[in-house]
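Working notes, structure below.
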Amino acid sequence: MVMQFRMLLDCLDAAVCDSALSQALTSFANCNGFDYHAYLGLEGGSRDYFGTFPTDWQDLYLKNNLACLDPVVRQAKRSSGTFIWSATGWLHSRDAKLRHFASDAIEHGITHGLAISARTSFDRQLILSFASSHGDYWRPGTLELSDGVPLLMELHHRLKELRQTVPQVPARPLSSRERLCLIWAAKGKTAIETGTLTQLSHRTVQSYLDTARSKLGAATVAQLVANAKDMKLI
-8 MVMQFRMLLD
2 CLDAAVCDSA
12 LSQALTSFAN
22 CNGFDYHAYL
32 GLEGGSRDYF
42 GTFPTDWQDL
52 YLKNNLACLD
62 PVVRQAKRSS
72 GTFIWSATGW
82 LHSRDAKLRH
92 FASDAIEHGI
102 THGLAISART
112 SFDRQLILSF
122 ASSHGDYWRP
132 GTLELSDGVP
142 LLMELHHRLK
152 ELRQTVPQVP
162 ARPLSSRERL
172 CLIWAAKGKT
182 AIETGTLTQL
192 SHRTVQSYLD
202 TARSKLGAAT
212 VAQLVANAKD
222 MKLI
């Protein structure tokens, strides 16, 4: 089942920590035929990275500053957008260093995938890449690629919010799914409507809301929303 960028966008907004962001990206990757994801923020000589690429590949990539050679990063710097890439195609390059890079990537299970690029203020470059370890070319199918850049910008801003904001933490913290259902409830959605938007059953949505009410000491969904806003959880 294909998971659209719009649904991932909602999951990112509901994430309560960096690991929850990574879990949402992992779910998207799995639903769309990918094995790994990686977020890279480049500003001057600094790098902001998190992802699930194989550890030995991450170490090799960051230690040897392979971002300078990576064709995905090069294309991302040329323009904002969403594009498909394949490491097997790089094997035919006339550049020996690029062929070596491609060989190393494939050896570590990075064969092909999808990348999103965007540029923010002060020339900061953002890249979100999804990769597969099998096959040699990924096809988007019904995935709406035009939603990629807004998704990446949301990920960037959500990361900043999570790292800068210190919300009041309840004794029993809300899970990302509970917060997701809570956000939709705050927007006036019923359990059935939220279920349609999140691909969850309305009973599951109601269960998440009931658990959230218990955690925040609310008797009704309206009180749950009010308590969550007071605690700056939404």
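For the sequence shown, my numbering gives the first residue as -8, with consecutive numbering after it. Positions of the beta carbon are idealized from the N, C-alpha and C atoms, including for glycine.
Taking the C-beta atoms as reference points, threonine 185 is found nearer than 7 Å to cysteine 172.
Here DSSP, grouped into helix, strand and coil, assigns alanine 93 to helix. Taking 7 Å as the cut-off, the Cβ atoms of alanine 20 and serine 167 do not count as close. DSSP places glutamine 214 in no beta strand (DSSP E) but in the uninterrupted alpha helix (DSSP H) bounded by 212 to 221. When DSSP states are grouped into helix, strand and coil, aspartate 61 belongs to the coil group. Taking a 10 Å sphere around the C-beta of serine 112, we find fewer than 16 other C-beta atoms and assign the residue as exposed. In the DSSP assignment, arginine 38 falls outside any alpha helix (DSSP H) and lies within the beta strand (DSSP E) extending over 37 to 42. For the pair of segments examined, the stretch 18 to 37 was found to touch the stretch 96 to 114: the number of CB pairs separated by less than 8 Å reaches three. CA-to-CA, the gap between alanine 162 and arginine 170 works out to about 15 Å.
Between leucine 82 and serine 94 the beta-carbon gap is near 7 Å, inside 8 Å, which marks them as a contact. The DSSP-derived three-state label of histidine 28 is strand.
Taking C-beta separations shorter than 6 Å and ignoring five residues to either side along the sequence, the partners of leucine 89 in its chain run Trp81, following chain order. DSSP links serine 123 through a beta bridge to His103. Remark: C-beta atoms of leucine 119 and histidine 147 do not approach each other more closely than 7 Å. Here leucine 53 is exposed. Its C-beta has fewer than 16 other C-beta atoms within 10 Å.
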